[in-house]
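Enquirer:
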DNA sequence: GAAATCTCTGCAATCGATTGCATTAGTTTC
DNA sequence: GAAACTAATGCAATCGATTGCAGAGATTTC
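Residue numbers (my numbering), protein chains in the order written: chain A, 1452 to 1805; chain B, 1452 to 1805.
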């Protein structure tokens, strides 16, 4: 069995020093044309691939980023991961994933990843992470390359990329109000999550602006997953006095809710309207097709990854943190209509399912 | 700014050599109790974390596995990735992801990952990868740690983990036949994919066993995604002579199909029955809840990752490749019923939605 | 034509941990 | 009490690439 070829083998073959091989590969303009040709030939013949560990050790970079997610299984995150991976690969970086990242030791885990020189930067997508854990990281040495996504901490010293959650939630709620609904409920996200708070705030703002009452028994617990949406739907059915419309903090919750109320014989949108948040691929394929706030997931991942790599490579050296906010878009489909009392027909889709 | 502490710093603090620190950390039994205590204390005080690059360089291991997927955005794969990540993390390995892996240069990409010492092993989940690309890899040096999932190459020298696709497809089709269907169509997976072939073979086998005809115009093109399922549904609607039931090669295809035929006014299961494959989380929440073959996704990821790490660590040194086959389970929900001609009612769910 | 400059290349140190071998001290065996 | 062993530790080489520095020629400047 042959050993894997090293830069020494290439150097020997090309009759040059290892220094020259290294330069021929990483800064070709510093090497004469003829030498460069001999080196490329030697690389080809030996089948040489640089050893990343050796390079990392010397250069103190890993050419890898860490993506910390609360739940890869959730299609919302997996699509984002898709665009992150594409952007990172294009710029020559590997993508290491850490799932279910929040928790007591998350700060230590992040620190270990950085200090062990496994990753050069961190993309944090977990809205439930403790702020102080992060501060611990950014404090000590130089500020670590870190982009926080889906999170809003204007005063904290990190760059952030996010969607306009609060405004988007307000917009979604206003859509229901515009249709004539006055009795509107909300399915929350998981407790302790920033997104939950922001979306609830947007909901509250729209309700207040319209002079509508927020009833505690119409605020349903949720967890951003279908099962909790289903449970919310069952709780909804148990009410004697029900809202005519519901704004769910995400599409999975809305879909779970839909399946529960339909099981009990209710028709959407005739008996109850629902608007979701995210616009998952599935959302246009369920019945009725879901009205929802579309988050620019592809852009979110691409921009976050791009910005992180810029920071890592020092192309973005501003001391002041950037806050990038992407806007969402209301996609009206079949799950929202005028309330039953008004007796009008379902709203026709304004934006067709793609 | 302090530099990150190295093993030298720990050694100095504990008044021992770096060799002793290294041993105290990786094989504590070789170090006296008192020294061990001094070292741990020094580690604590300095905040030392071993540099992974240096360790990788010396030991020629990366403690990282590469997961190659065709599409992370697909919930089927993202759930598997979830369990892979959990298992790998538990055993101290990082998970690097490579998305959209198949393609002309996939062989070179794999080779580079291995030879650059970035990863110790590869978990391959892409059914469309060229076999010869793989052979190229396993041939040269020692057989590379590689587990092929979702693929069947009995003669090739790799370990494999898969579900019993052909048998499961046969079982799904037989379910339709048992309900009384005689006119049955199939939505294929993407062309050139092993899974597509296996599932189609199972379908064909069940049809043949029942003496039923496979009609070319009832075999719909698909791509394992909702949009192609939707297109299949539209093609279905254009037929003048339609099947009464359809077996889709996966759930996404089935869901897309459902949304298309419903849009055209057909009712499932009254007018057409459909059975899917995978049992995605969403499948029990669409309407009607989807009858499907459940793949043990969590187990698949866990077993594949565990086996790969066993191979890497040399705990599994059998020269003969293992072929692990996991079995699928028929989950009967609301999307299948007796054919319209027989006029009987929908089959009641036998296995409740979880 | 001497000095200055530029281009190309090699030498050797360096990154931080691991590990084979040697050494010392302490213990057991006969 | 000498030989043989064991346990604990240190020395120094090693993994494979990168890079500061210096030197050898070649070319330009005045």
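Even glycine gets a Cβ: it sits at the ideal position worked out from N, Cα and C.
CB residue 1517 of chain B to CB residue 1574 of chain B, shorter than 8 angstroms?
Expert: Going by C-beta atoms, residue 1517 of chain B is nearer than 8 angstroms to residue 1574 of chain B.
Enquirer: Along chain B, in chain order, which residues have C-beta atoms closer than 8 angstroms to that of residue 1533 of chain A?
Expert: Those are 1522, 1523, 1524 and 1550, listed as they occur along chain B.
Enquirer: Output, in chain order, the set of chain A residues within a Cβ distance shorter than 7 angstroms of residue 1546 of chain B.
Expert: In chain order: 1547 and 1548.
Enquirer: Grouping DSSP H, G and I as helix and E and B as strand, with all else coil, what is residue 1590 of chain B?
Expert: At residue 1590 of chain B, the pLDDT of 49 sits below 50, so the modelled position is not reliable; the number obtained from the coordinates is stated separately. Looking at residue 1590 of chain B - three-state DSSP - the assignment turns out to be helix.
Enquirer: For the segment 1713 to 1747 of chain B, which residues have a CB atom closer than 7 angstroms to at least one CB atom of chain A, in sequence order?
Expert: Answer in chain order: 1713, 1732, 1733, 1736, 1737 and 1738.
Enquirer: So, at 8 angstroms on beta carbons, what are the nonlocal neighbours of residue 1712 of chain B in its own chain, with the 5 sequence-adjacent residues on each side left out?
Expert: Closer than 8 angstroms at the Cβ level, and outside the excluded window around residue 1712 of chain B, lie 1684, 1687, 1688, 1719, 1722 and 1723.
Enquirer: When the Cα atoms are used, what is the spatial distance from residue 1794 of chain A to residue 1753 of chain A?
Expert: With a pLDDT of only 45 at residue 1794 of chain A, under the threshold of 50, the placement of this residue in the model should not be trusted; the figure read from the coordinates follows. Cα to Cα, the separation comes out at about 45 angstroms.
Enquirer: Please confirm whether residue 1508 of chain A has its beta-carbon closer than 8 angstroms to some beta-carbon of chain B.
Expert: With 8 angstroms as the cut-off, residue 1508 of chain A counts as an interface residue toward chain B.
Enquirer: Does the beta carbon of residue 1638 of chain A sit closer than 8 angstroms to a beta carbon anywhere in chain B?
Expert: Judged by the 8 angstroms Cβ criterion, residue 1638 of chain A is not in contact with chain B.
Enquirer: Any idea which residues DSSP pairs residue 1745 of chain A with across the strands?
Expert: Answer by DSSP bridge pairing, in chain order: A:1729 and A:1780.
Enquirer: I'd like to confirm the pairing. Which residues does DSSP put opposite residue 1635 of chain B in its beta bridges?
Expert: Note: residue 1635 of chain B sits in a beta bridge opposite B:1696.
Enquirer: Check whether the Cβ atoms of residue 1638 of chain B and residue 1732 of chain B lie closer than 8 angstroms to each other.
Expert: Not closer than 8 angstroms, so no.
Enquirer: Name the chain A residues whose beta carbon is nearer than 7 angstroms to that of residue 1641 of chain B?
Expert: Within chain A, no residue comes near residue 1641 of chain B; the closest Cβ sits about 17 angstroms away, beyond 7 angstroms.
Enquirer: So, does the segment 1516 to 1536 of chain A touch the segment 1464 to 1471 of chain B, judging by three or more C-beta pairs under 8 angstroms?
Expert: Output reads no: the segment 1464 to 1471 of chain B does not touch the segment 1516 to 1536 of chain A.
Enquirer: Who are the Cβ neighbours of residue 1827 of chain A in its own chain at under 6 angstroms, not counting the five residues just before and after it?
Expert: Within the shown structure, residues of chain A are numbered from 1452 to 1805, placing residue 1827 of chain A beyond reach of any answer.
Enquirer: Thinking residue 1569 of chain A and residue 1597 of chain A are a contact (beta carbons under 8 angstroms), I'd like their distance in whole angstroms, please.
Expert: Contact doesn't hold; Cβ gap of about 15 angstroms is too wide.
Enquirer: Using the beta-carbon count (16 or more within 10 Å), is residue 1509 of chain B buried or exposed?
Expert: Exposed, because fewer than 16 other Cβ atoms sit within 10 Å of the Cβ of residue 1509 of chain B.
Enquirer: By alpha-carbon positions, which one of B:1567, B:1635, B:1618 and B:1616 ends up nearest to residue 1695 of chain B?
Expert: Comparing Cα positions, the closest option is B:1635.
Enquirer: Does residue 1774 of chain A come out as helix, strand or coil in the three-state DSSP assignment?
Expert: If DSSP states are grouped into helix, strand and coil, residue 1774 of chain A belongs with the strands.
Enquirer: Span of the beta strand (DSSP E) holding residue 1595 of chain A?
Expert: No beta strand (DSSP E) holds residue 1595 of chain A; DSSP gives it neither H nor E.
Enquirer: List the residues that DSSP assigns as beta-bridge partners of residue 1613 of chain A.
Expert: The partner list for residue 1613 of chain A (beta bridge, DSSP) reads A:1776.
Enquirer: Please state the DSSP three-state secondary structure of residue 1665 of chain B.
Expert: In the structure shown, residue 1665 of chain B sits in coil (DSSP, three-state: anything other than H, G, I, E or B).
Enquirer: List, in chain order, every chain B residue whose beta-carbon is nearer than 9 angstroms to that of residue 1536 of chain A.
Expert: Within 9 angstroms Cβ-Cβ: 1523, 1548, 1549, 1550 and 1551.
Enquirer: Within the same chain, show all residues whose beta-carbon is closer than 8 angstroms to that of residue 1737 of chain B, passing over the 5 residues directly before and after it, in chain order.
Expert: So the qualifying residues of the chain are 1706 and 1709.
Enquirer: What separation, rounded to the nearest whole angstrom, lies between the Cα atoms of residue 1593 of chain A and residue 1504 of chain A?
Expert: With a pLDDT of only 48 at residue 1593 of chain A, under the threshold of 50, the placement of this residue in the model should not be trusted; the figure read from the coordinates follows. So the two alpha carbons sit approximately 23 angstroms from each other.
Enquirer: Check this for me: beta carbons of residue 1595 of chain A and residue 1565 of chain A, under 8 angstroms apart or not?
Expert: In contact: residue 1595 of chain A and residue 1565 of chain A (Cβ atoms closer than 8 angstroms).
Enquirer: Could you compute how far the alpha carbon of residue 1625 of chain A sits from the alpha carbon of residue 1786 of chain A?
Expert: Roughly 15 angstroms between the two C-alpha positions.
Enquirer: Looking at the structure shown, is residue 1546 of chain A part of a helix, part of a strand, or coil, going by DSSP?
Expert: Strand.
Enquirer: Given that a residue counts as buried once 16 or more other Cβ atoms are within 10 Å of its Cβ, and exposed if not, what is residue 1408 of chain B?
Expert: Given that chain B is displayed from residue 1452 to residue 1805, the structure contains no residue 1408 of chain B and the question cannot be resolved.
Enquirer: Show which residues of chain A have a CB atom less than 7 angstroms away from the CB atom of residue 1503 of chain B.
Expert: Under the 7 angstroms cutoff, chain A gives 1567, 1568 and 1569.
Enquirer: Quick one: what does DSSP say residue 1786 of chain A is sitting in, helix, strand or coil?
Expert: Note: residue 1786 of chain A maps to coil in three-state DSSP.
Enquirer: Using alpha carbons as the reference points, say which of A:1600, A:1489, A:1784 and A:1481 lies closest to residue 1775 of chain A.
Expert: Ranking A:1600, A:1489, A:1784 and A:1481 by Cα distance to residue 1775 of chain A puts A:1600 first.
Enquirer: Could you compute how far the alpha carbon of residue 1655 of chain A sits from the alpha carbon of residue 1758 of chain A?
Expert: Approximately 33 angstroms, taken between the alpha carbons.
Enquirer: Give the secondary structure of residue 1572 of chain B by DSSP, where H, G and I count as helix, E and B as strand, and everything else as coil.
Expert: Looking at residue 1572 of chain B - three-state DSSP - the assignment turns out to be strand.
Enquirer: Quick check on residue 1706 of chain B - is its C-beta less than 8 angstroms from some C-beta in chain A?
Expert: Yes - at least one Cβ of chain A is within 8 angstroms of the one on residue 1706 of chain B.
Enquirer: At what residues does the beta strand (DSSP E) containing residue 1486 of chain A begin and finish?
Expert: Here residue 1486 of chain A belongs to no beta strand (DSSP E); instead the alpha helix (DSSP H) covers 1484 to 1497.
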